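One structure below.
Numbering (our numbering), first residue to last: 844 to 997.
Next comes the structure, spelled out in structure tokens:
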């Protein structure tokens with residue numbers, strides 16, 4: 844024990860690099876050197892482990908950024924192609940194009956089609972059974988003569 848230092852004890856491994864193992868009396872650290880040394884080692888190891896974890900995570904995700912850039916470029920190309928296809932579909936299905944196609948396929952316009960007049964017979968009134976309530980739906984009766992429509996395409 845060094846008499847000039849008072850109540851401190853040192854490790855005896857190297858007198859030139861003596862580290863106090865315990866400080867007696869009040870200090871601003873409020874504890875012995877072994878406790879603080881253990882805490883420092885624990886914090887250093889935890890920070891080293893965290894750094895190792897982050898470096899490992901970066902190593903395993905190193906190809907993620909180029910892959911995302913490639914996917915973004917592919918998405919832009921596909922969106923541009925979808926826009927052009929939408930415009931093309933709209934031009935192909937415009938009323939003028941549909942009319943041209945129909946006329947070239949043999950459709951006769953309504954203004955030039957032959958028209959026939961026919962009178963329609965009114966539907967007969969449904970017979971009301973006095974025993975049925977008024978809010979009961981009536982049976983739909985079809986007339987015997989039906990209208991036939993013929994569509995001709997050439």
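The beta carbon of each residue, even a glycine, is placed where N, CA and C say it ideally should be. No experiment lies behind these values; they were computed from the predicted model shown.
When DSSP labels each residue in this structure, what does residue i get in the three-state scheme?
i: residue 967; result: coil
i: residue 939; result: helix
i: residue 990; result: coil
i: residue 953; result: coil
i: residue 958; result: coil
i: residue 924; result: helix
i: residue 948; result: coil
May I ask which residues mark the beginning and end of the alpha helix (DSSP H) holding residue i?
i: residue 887; result: 876–903
What whole-angstrom Cβ distance do residue i and residue j have, given they're in contact under 8 Å?
i: residue 996; j: residue 954; result: Incorrect: roughly 18 Å between the Cβ atoms, too far for contact.
Kindly examine the ligand NAP and report whether one of its heavy atoms sits closer than 8 Å to the Cβ of residue i.
i: residue 917; result: Among the components of this structure there are no ligands whatsoever, and the ligand NAP is therefore not found.
With 9 Å set as the bound, which would you pick, yes or no: does the beta-carbon of residue i sit closer than that to a beta-carbon of chain B?
i: residue 949; result: The structure shown has no chain B; it contains just one protein chain.
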